[in-house]
Amino acid sequence: MIAQPGPALYRLNLIRELREKEIKSERKRRLTLILGFGCFGFFVLSLLYSGMTIWQMEGVLTREEKKVKELHQEYQKYAAAKLIVDKSDLELLSDLQGKGIFWTKKLVAIAKHLPDNYSIIDFSYENNQLKVSGFGYPSPRQDQLLVLDEYLNKLRADSTFSDTFKKLQLNLADRNADRNVDPGRINFQFSAVTSTWKAQ
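Converting from the sequence shown to this note's numbering requires adding 16 to each position, the first position being numbered 1.
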């Protein structure tokens, strides 16, 4: 005798369907909770990041305001002490720089063309006139005046020197007075004047 399916089989199928629906519902609920917590966490992180950014910007603004206040105080001190540079002072400084002499190049030129065994011992500059003194030991075959004249001609031809000092002349060239102390020594002096020099 074959058994006929009864109401028990239908009851089992209904329970399985209900169980599957509950499992699906639980999964959806968990996914909803996870997404909710994720969104909430992202929102909290966004708030924290915004707060940190605002705090940092406020710090920068505070420091800049402090610097502005310090600069304002310094300006007030200078203004009170009347240390503000006037336009006429700037023009005078510019004018002096334009008329200044770059001595490094001039001194290099003086040393560069100096004959062998000759030395510079003194120089002075006053009233647009440069005076240079020195001594040397020309060889017996050399004429001291020719050696010094050649030296001055080289200075005249050197643009780094002659661009300022337009006129050079030999003022002194003689042998040492006391031959027993330093025989053969030649003392010399030459002067160089600028284009603006006027005889006193």
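Glycine included, each C-beta is placed from N, C-alpha and C at the ideal position.
No experiment lies behind these values; they were computed from the predicted model shown.
(request) Report, in whole angstroms, the separation of the C-beta atoms of residue 210 and residue 144, which I expect to be a contact under 8 Å. (result) Sure, about 4 Å apart at Cβ, within 8 Å.
(request) Could you tell me if the beta carbon of residue 50 falls within a distance shorter than 7 Å of some heavy atom in the ligand MG? (result) The ligand MG is absent from the structure shown, which contains no ligands of any kind.
(message) For residue 43, list the residues DSSP reports as bridge partners.
(response) Beta-bridge pairing links residue 43 to no other residue.
(message) Please report the distance separating the alpha-carbon of residue 166 from that of residue 90.
(response) 60 Å
(message) Does the CB of residue 83 have a neighbour CB from chain C at under 8 Å?
(response) The structure shown contains no chain C; it is built from a single protein chain.
(message) According to DSSP, simplified to helix, strand and coil, what is residue 180?
(response) coil
(message) Just verifying my parser: in three-state terms, what is the DSSP assignment at residue 118?
(response) Three-state result, residue 118: coil.
(request) Tell me, please, which residues DSSP counts as bridged to residue 172. (result) The beta-bridge partner set that DSSP reports for residue 172 is empty.
(message) For residue 148, count the other beta carbons within 10 Å of its own beta carbon; 16 or more makes it buried, fewer makes it exposed. Which is it?
(response) buried
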